[in-house]
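Novice: Numbering-wise, full-length UniProt numbering puts 48 at position 48 of the sequence shown, and it's gapless, one number per residue.
Don't be surprised by glycine CBs; every beta carbon is placed ideally from N, CA and C.
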Amino acid sequence: MQQIKKTAEYTLFQKKSGRYAVKGKDKKWIGGEAKQQILVDEKLITLPEPKAAPEPEAEANEAE
């Protein structure tokens, strides 16, 4: 793994596969939502836009 950035709170690494890893200042790996938020804040990843919710079928059935 290659170290990309080091801050007071965490260290960012990039794996050979291109994926990212985040290690906290307590030497433990960070994962889940916390890792995702750190990578977004550092502009290393972008989150996909949520899909629009489909129309509820209940309203369509009431119109008939």
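What residue from Glu9, Ala8, Tyr20 has the CA that sits closest to Lys43's CA?
Specialist: Nearest C-alpha to Lys43: Tyr20.
Novice: Assuming contact is defined by CB atoms lying nearer than 8 Å, are Lys28 and Thr11 in contact in what I supplied?
Specialist: no
Novice: Please list, in chain order, all residues of the same chain as Gln36 whose beta carbon is under 8 Å from its beta carbon, the five residues on each side excluded.
Specialist: Ile45, Leu47, listed in sequence order.
Novice: In angstroms with no decimal places, state the Cα-to-Cα distance between Glu33 and Ala53.
Specialist: 23 Å
Novice: DSSP on Ala34, reduced to helix/strand/coil?
Specialist: helix
Novice: Can you give me the C-alpha to C-alpha distance between Gly18 and Gln3, rounded to a whole angstrom?
Specialist: 12 Å
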